[in-house]
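Asks: One structure, as structure tokens, below. Some questions next.
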């Protein structure tokens, strides 16, 4: 269980690095496609914050994706080494994926979007559009991705069991 929690934290760190790379370094308005419509409309293209910021941002994004994929890979490998059953794999990946979804809702949406100055620091033009009133604006997407997390956990568990059995 401790391994599963650590892997979940690694995935959360990866997701934060990905967000940071997109918002602070790459700064491409297309990465705001999941933001509220009024925020999307207010976002303006930005020049590089410093020479090489976009390049560094893309490298950081790739590292974040590899970090998250590595957590899933290690979760599978560790489970195979410990003789996990389908149910154990399913529970591990369910905790990891639903934990990531909870992190998205609570940290990204509730805190970063609605209560902190994270986004206005890099996009001052969105400050007037942000606030607590936005929390839950995309609840349908969260319900859908939460449901897909259950399916994803089952698929990953099946793949791991198939690998383990030969």
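In this note's numbering, the protein residues as written are 1047 to 1212. Every residue, glycine too, gets a C-beta built ideally from N, C-alpha and C. Quick caveat: nothing in here was measured; it's all calculated off a predicted structure.
Please return the same chain residues whose Cβ sits closer than 7 Å to the Cβ of residue 1017, not counting the five positions on each side in sequence.
Replies: Summary: the structure shown does not reach residue 1017, with the chain confined to residues 1047 through 1212, and so no result is reported for it.
Asks: Helix, strand or coil: how does DSSP classify residue 1083 here?
Replies: Looking at residue 1083 - three-state DSSP - the assignment turns out to be helix.
Asks: Label residue 1143 either buried or exposed according to how many other C-beta atoms from any shown protein chain fall within 10 Å of its C-beta, with 16 as the threshold for buried.
Replies: Counting Cβ neighbours within 10 Å, residue 1143 comes out buried, since at least 16 surround it.
Asks: Thinking just about the alpha-carbon of each residue, which of 1186, 1211, 1079 is nearest to the one in residue 1147?
Replies: Checking every option, the nearest Cα to that of residue 1147 belongs to 1186.
Asks: How far does the alpha helix (DSSP H) with residue 1206 in it reach, from first residue to last?
Replies: Its alpha helix (DSSP H) spans residues 1185–1211.
Asks: Using 8 Å for Cβ pairs, my map puts residue 1166 next to residue 1158. What's the rounded Cβ distance?
Replies: Wrong, their Cβ atoms sit about 11 Å apart, outside the cutoff.
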